[in-house]
Amino acid sequence: MQFLSRLGYGKVYCVGRDVELAVRPGGARIPQIVASADQGVLFAALKDSNVIGIIFEGNEPIKKVVEKAKELGKPVFLPINVLIGQGQGARGHALGRLRKAAYACIKSGAQARIISLAETREQMISAGQMTGIADLILGQGEGHRIFGSLQLGAAT
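In structure tokens form, the structure reads like this:
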């Protein structure tokens with residue numbers, strides 16, 4: 126707990142323990158986040174009561190799915206791990222895709238939240254760093270529109 130408070134979080138949700146990262150909805154005993162590029166899978170996920178949000182695989186938003194997420198009040202998660210540890214060219218491309226997905230959600234009124242999919246404790250980043258990345262995606266001072274203080278990854 127002391128480690129988490131130093132990073133600025135009260136709680137870190139761990140994949141496999143607190144939430145399941147899945148490619149299709151259903152069959153989980155814990156809440157799910159579904160990551161897919163398939164419109165049908167994402168629609169089914171949004172309608173599933175055990176799914177707490179979705180991720181557009183490749184951060185390519187689908188307008189109809191974004192509108193459904195807004196209608197049902199479920200967030201679209203934007204994984205920032207695609208920005209960390211990339212070369213300059215790949216990071217610029219990933220940043221552009223994140224920006225496109227974030228603005229698609231904001232424009233439609235859907236909730237967009239950045240998340241860290243850290244696999245180890247050492248890869249976790251602080252709440253301040255998450256805010257900085259949110260500002261990088263949307264522009265200085267605008268990051269609060271997608272920053273939801275959710276660290277999703279390994280905390281053990």
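The sequence shown lines up with residues 126 to 281 when you count with our numbering. We treat Cβ as the ideally placed atom computed from N, Cα and C, and that holds for glycine.
Residue i, DSSP secondary structure in three states
i	result
A237	strand
L263	helix
F272	coil
V201	strand
Y228	helix
L171	helix
One or two residues paired with residue i in a DSSP bridge
i	result
F181	S161
E192	Partner(s): none; E192 has no beta bridge.
Alpha-carbon spacing of residue i relative to residue j, whole angstroms
i	j	result
P186	Q164	10 Å
D143	A169	21 Å
A243	G152	24 Å
Q236	V159	15 Å
I179	E192	13 Å
H269	P204	16 Å
G212	K199	32 Å
Beta carbon of residue i nearer than 8 Å to that of residue j
i	j	result
I271	L263	yes
K189	S233	no
V207	A219	yes
I239	M249	no
Any non-hydrogen atom of the ligand NAD within 7 Å of residue i CB
i	result
R222	Annotation note on the ligand NAD: not contained in the displayed structure, which lists no ligands.
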